[in-house]
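Note sheet for the following structure.
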Amino acid sequence: MSIRTNFALLSGRITKHLLMKTTGGGSSLPGKVAHRISPNVLDDVSQYYDVIIVTGTNGKTLTTSLITNIFKRKYDNIVTNSRGSNMLQGIIGAFVDSKPNKHKKGIAILEVDEGSLNNVVEALNPKYIIHTNLFLDQMDRYGDVKETYQLLVNAAKKVPDATLLQNGDLPLFSSVPLPNKRKFFGVDVQAESPKINHCPRCNHTLSYKTYTYSGQGNFTCHACHLERPELKYTVDNIYNLSESSSTFEIDGERFTIPVAGLYNIYNALAAYSMAKEYSIENEIIKAAFLEMKRVFGRQELISFKNQIATLNVVKNPVGLNQVLSLIEKSETPLMLVALLNNRPADGVDISWLKDGNFESLADQDIIEIKTGGISAEVMTNRLIEAGFNESLIKEYDDLEKIVSDLQNSDAKNIQIIASYTAMLEFRKILKDKEIIN
1 MSIRTNFALL
11 SGRITKHLLM
21 KTTGGGSSLP
31 GKVAHRISPN
41 VLDDVSQYYD
51 VIIVTGTNGK
61 TLTTSLITNI
71 FKRKYDNIVT
81 NSRGSNMLQG
91 IIGAFVDSKP
101 NKHKKGIAIL
111 EVDEGSLNNV
121 VEALNPKYII
131 HTNLFLDQMD
141 RYGDVKETYQ
151 LLVNAAKKVP
161 DATLLQNGDL
171 PLFSSVPLPN
181 KRKFFGVDVQ
191 AESPKINHCP
201 RCNHTLSYKT
211 YTYSGQGNFT
221 CHACHLERPE
231 LKYTVDNIYN
241 LSESSSTFEI
251 DGERFTIPVA
261 GLYNIYNALA
271 AYSMAKEYSI
281 ENEIIKAAFL
291 EMKRVFGRQE
301 LISFKNQIAT
311 LNVVKNPVGL
321 NQVLSLIEKS
331 ETPLMLVALL
341 NNRPADGVDI
351 SWLKDGNFES
361 LADQDIIEIK
371 TGGISAEVMT
381 NRLIEAGFNE
391 SLIKEYDDLE
401 KIVSDLQNSD
411 AKNIQIIASY
421 TAMLEFRKIL
431 KDKEIIN
């Protein structure tokens, strides 16, 4: 590496150290400092690593974490942006503590935002790019799903030697020819009745042999003959979907993850697929799955004085509905806390909230609802529209007051859903109060 790049990385490390001393963290500023000193820092440092990029609408952070947990059991020199800082500065920040070895390549496992992918993909020159899924998300930023996929297509074309590991159950991912080598993973399980979905190529109605959720499954278009590609890695069976864990079969082997939800089985399948590309043994994968740590804001468990609460970040209707389906599995009376912001990182347009199936919670024994955040009133009105009694709902203009009330609550089952920046603000209060580390 050049002297300038070495100095840039050193400056990034110093910045990170100072941030840890003064604010307790921060994963974006060190990368910003390093990039300011050496604009080519990413090109220079990434050449010492096999780079694996994880991108898509939902599941990036957990999939990246799962892959990292697996690979750390097999390899020594691993770099990752584990805190989910997935734009240029955060990606550079992941490398500031790296130890490049010119004699033996390390492995960099990086979550990359869909909108930032084209800005970094050539510098990273990845060996693999994983496409988890694409759903309607932040319309004011990304536009429609096809526009977002075009970003992924453009990025793939810039690095034709990269292998794509794609969710084969999503019709969009196989609708466009690409120069890259492509391998597909998917789920061969009937989870719910198929909804009406249209072919991304010709717009005719798709048929499904099996269907999981949100347009994913074993699809066929009888008009243009687009169909699910041959899967290299497959979930053949699902044995258990509880509110705290999932057990399933991949290619004849049984695996368990200590988080719930069909969407997390897809994340685990993506991680398994990546591990198998490196010929990592099933026993290593199983152990890594079982000992995985919950990623912040993804079924994160928070201990208050009298109870444990579950925190889930929600950013779009598909993710929201998957989380609501988990809450439906609760068998005890619960308190629902719903925090909503509409800052740019959340998506200023929050009309997607109308597509959240809050009505599905009508039969749950919900003893109290708390709403908060910049758009608390919007959340309150949506819940009333869904049929909840207004007397159940308490609206807050201060997240700190919600935390204080939760500390003194007797509720034994607290389910918290929060938009992205609301989740960050909520966690900061928890950290300041030393409720979490």
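Just so we're aligned, residue 1 is where the sequence shown starts under our numbering, counting upward by one.
Ideal placement from N, C-alpha and C gives every residue a C-beta, glycine not left out.
Would you list the one or two residues that DSSP bridges to T332?
-> Numbered from 1 along the sequence shown, position 332 holds the residue referred to as residue 332. DSSP lists no beta-bridge partner residue for T332.
Starting from the Cα of Q307, find the closest Cα among R182, I414, Y278 and L124 and give me that residue.
-> Indexing the sequence shown from 1 puts residue 307 at position 307. Nearest option by C-alpha distance: I414.
Determine the direct distance from the alpha carbon of A156 to that of A8, and round the result to whole angstroms.
-> Position 8 of the sequence shown holds residue 8. Position 156 of the sequence shown holds residue 156. Cα to Cα, the separation comes out at about 28 Å.
Go to I3, then tell me how far its alpha helix (DSSP H) extends in each direction, as first and last residue.
-> Position 3 of the sequence shown, counting from 1, holds the residue named residue 3. Element bounds for I3: I3 to T22.
T220: which of P200, Y213, T68 and E395 sits nearest, CA to CA?
-> Position 220 of the sequence shown, counting from 1, holds the residue named residue 220. Checked all of P200, Y213, T68 and E395; the closest Cα to T220 is P200.
Tell me the start and end of each unbroken alpha helix (DSSP H) in the segment 96-154 that is at least 4 residues and wholly inside, in chain order.
-> As summarised for the segment 96-154, the continuous alpha helix (DSSP H) elements at least 4 residues long and confined to that stretch are 117-124 and 139-142, given in chain order.
By Cβ distance below 6 Å, which residues in the same chain neighbour G215 in space, the five residues on each side in sequence not counted?
-> Numbered from its first residue, the sequence shown carries residue 215 at position 215. Taken in chain order, the residues that qualify are N197.
In this structure, what does DSSP give as the bridge partners for F185?
-> Along the sequence shown, one-based indexing puts residue 185 at 185. BP columns for F185 point to N167 and Y233.
So, A418 versus G297, is the Cβ gap smaller than 9 Å?
-> Here residue 418 refers to the residue found at position 418 when the sequence shown is read from its first residue. Here residue 297 refers to the residue found at position 297 when the sequence shown is read from its first residue. For A418 and G297, yes; Cβs fall inside 9 Å.
With a CB to CB cut of under 6 Å and the five nearest residues on each side skipped, what residues in its chain are close to R343?
-> Numbered from its first residue, the sequence shown carries residue 343 at position 343. Within the same chain, and ignoring the five residues on either side of R343 in sequence, the residues whose Cβ sits closer than 6 Å to its Cβ are T421.
Which one of F426, D365, R382 and M335 has the shortest CA to CA distance from D398?
-> The count along the sequence shown starts at 1 and reaches residue 398 at position 398. Of F426, D365, R382 and M335, the residue nearest in Cα terms is F426.
Just to confirm, are V54 and L110 a CB contact at a threshold of 9 Å?
-> The residue given as residue 54 occupies position 54 in the sequence shown. The residue given as residue 110 occupies position 110 in the sequence shown. In this structure, V54 lies near L110, with their beta-carbon atoms less than 9 Å apart.
Segments assigned beta strand (DSSP E), at least 3 residues, entirely inside the segment 338-373 | DSSP runs (the beta strand (DSSP E)) wholly in the segment 338-373: 366-372.
Sequence-distant residues of its chain with Cβ nearer than 7 Å to D188 (five each side left out) = Numbered from its first residue, the sequence shown carries residue 188 at position 188. T210, N218, T234, V235 and D236.
Determine, using beta carbons only, whether R294 and P258 come nearer to each other than 9 Å.
-> The residue given as residue 294 occupies position 294 in the sequence shown. The residue given as residue 258 occupies position 258 in the sequence shown. In this structure, P258 lies closer than 9 Å to R294 by Cβ.
Going by alpha carbons, who is nearest to N180 out of L164, G168, E192 and A191?
-> Position 180 of the sequence shown, counting from 1, holds the residue named residue 180. Of all alpha-carbon atoms in L164, G168, E192 and A191, the one lying nearest the alpha-carbon of N180 is that of L164.
So, do the segment 278-286 and the segment 76-85 have three or more beta carbon pairs nearer to each other than 8 Å?
-> As far as the Cβ criterion goes, the segment 278-286 does not touch the segment 76-85, which means the pair count is below three.
E395 lies in the beta strand (DSSP E); which residues open and close that run?
-> Counting from one through the sequence shown, the residue named residue 395 turns up at place 395. Segment I393 to E395, the beta strand (DSSP E) holding E395.
Supposed close pair I265, S242 - CB separation, criterion 8 Å = Walking along the sequence shown from the start, residue 265 turns up at place 265. Walking along the sequence shown from the start, residue 242 turns up at place 242. Not confirmed; about 12 Å, so no contact.
For N437, is the classification buried or exposed, using 16 other Cβ atoms within 10 angstroms of its Cβ as the cut-off for buried?
-> Locating residue 437 in the sequence shown gives position 437, counting from the first residue. Residue burial is scored here from C-beta neighbours: N437 has fewer than 16 other C-beta atoms within 10 angstroms and is therefore classed as exposed.
Just how far apart, CA to CA, sit S409 and E400?
-> Here residue 409 is taken as the residue at index 409 of the sequence shown, counted from 1. Here residue 400 is taken as the residue at index 400 of the sequence shown, counted from 1. If I take the Cα positions, the gap works out to 14 Å.
With a floor of 3 residues, list each beta strand (DSSP E) that falls wholly inside the segment 233-261, ordered by position along the chain.
-> Listed in chain order, they are 233-241, 246-250 and 253-257.
Quick one: using the 10 Å Cβ neighbour count with 16 as the cut-off for buried, is M87 buried or exposed?
-> The sequence position of residue 87 within the sequence shown is 87, counting from 1. So M87 counts as buried.
When the distance is taken between beta carbons, is I70 closer than 9 Å to A108?
-> To locate residue 108, count along the sequence shown from 1; it is residue 108. To locate residue 70, count along the sequence shown from 1; it is residue 70. Going by C-beta atoms, A108 is not nearer than 9 Å to I70.
Which whole-angstrom value is the C-beta distance of H222 and S207, which I expect to be below 8 Å?
-> The sequence position of residue 222 within the sequence shown is 222, counting from 1. The sequence position of residue 207 within the sequence shown is 207, counting from 1. That pair is a contact at about 6 Å.
In terms of alpha-carbon separation, which member of M292, N167 and K286 lies closest to K232?
-> Position 232 of the sequence shown, counted from the first residue, corresponds to residue 232. Comparing Cα-Cα distances from K232 to each of M292, N167 and K286, the minimum goes to N167.
Within the same chain, show all residues whose beta-carbon is closer than 7 Å to that of Y49, passing over the 5 residues directly before and after it, in chain order.
-> Locating residue 49 in the sequence shown gives position 49, where the first residue counts as 1. V79, K105, G106, I107 and A108, listed in sequence order.
Based on Cα-Cα distance, which residue from R228, P126, A162 and I366 lies nearest to F173?
-> Counting from one through the sequence shown, the residue named residue 173 turns up at place 173. Out of R228, P126, A162 and I366, R228 has the C-alpha closest to the C-alpha of F173.
Return yes when at least one heavy atom of the ligand MN lies under 8 Å from the C-beta of S65, else no.
-> This structure lacks the ligand MN, and indeed carries no ligand of any kind.
What did DSSP end up calling S174 once you bin it into helix, strand or coil?
-> What you label residue 174 is simply residue 174 of the sequence shown in a count that begins at 1. In this structure, S174 counts as helix in the three-state DSSP scheme.
Contact set for C202: own chain, Cβ-Cβ below 8 Å, skip 5 residues either direction | The count along the sequence shown starts at 1 and reaches residue 202 at position 202. Within the same chain, and ignoring the five residues on either side of C202 in sequence, the residues whose Cβ sits closer than 8 Å to its Cβ are C221, A223, C224 and L226.
With 16 other Cβ atoms within 10 Å as the buried cut-off, status of R182 | By 1-based counting over the sequence shown, the position of residue 182 is 182. With 16 or more other Cβ atoms from the protein chains shown falling within 10 Å of its own Cβ, R182 counts as buried.
Quick one: what's A386 bridged to in DSSP?
-> Position 386 of the sequence shown, counted from the start, is the residue given in the question as residue 386. In DSSP, A386 forms no bridge with anything.
Alpha carbon to alpha carbon, how far is L406 from F304?
-> If you number the sequence shown from 1, residue 406 lands on position 406. If you number the sequence shown from 1, residue 304 lands on position 304. Those two C-alpha atoms are separated by around 7 Å.
Apply the 10 Å Cβ neighbour rule to V348 and answer buried if 16 or more other Cβ atoms are within range, or exposed otherwise.
-> Numbered from 1 along the sequence shown, position 348 holds the residue referred to as residue 348. The residue is exposed, with fewer than 16 neighbouring Cβ atoms inside 10 Å.
Buried/exposed call for S391, threshold 16 Cβ in 10 Å | Within the sequence shown, residue 391 is the residue found at index 391, counting from 1. Exposed, because fewer than 16 other Cβ atoms sit within 10 Å of the Cβ of S391.
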